[in-house]
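Accompanying notes for the structure given below.
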């Protein structure tokens, strides 16, 4: 059979307190990294964002867009049987 080991209550309380403090510390580190991912505590910081490339604007931009005129049939007289 297994031999029972007596552990003092103060040792168990001390270990509980250490684990509680460490748990709160890990939670605080996670919160800090969540708020600011660029903090030095983060072992995997995000890569820097690339610069935004601005497209050159055209020299002259028309204020009103107009479409080119389209061909429409011209009115003709109706055909008759007489020449």
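Numbering (my numbering), first residue to last: 3 to 85.
No residue lacks a Cβ here, since even glycine has one placed at the ideal position from N, Cα and C.
Enclosing alpha helix (DSSP H) for residue i [first to last residue]
i	result
residue 30	11-37
Cβ distance (whole Å) where residue i is taken to contact residue j below 8 Å
i	j	result
residue 23	residue 34	Not a contact, Cβ separation roughly 16 Å.
residue 48	residue 39	5 Å
residue 31	residue 43	6 Å
Best match in the options for proximity to residue i [C-alpha to C-alpha]
i	options	result
residue 46	52, 13, 59, 36	36
The ligand HEM heavy atom lying under 8 Å from the CB of residue i
i	result
residue 5	As for the ligand HEM, it is missing from this structure, which has no ligand bound.
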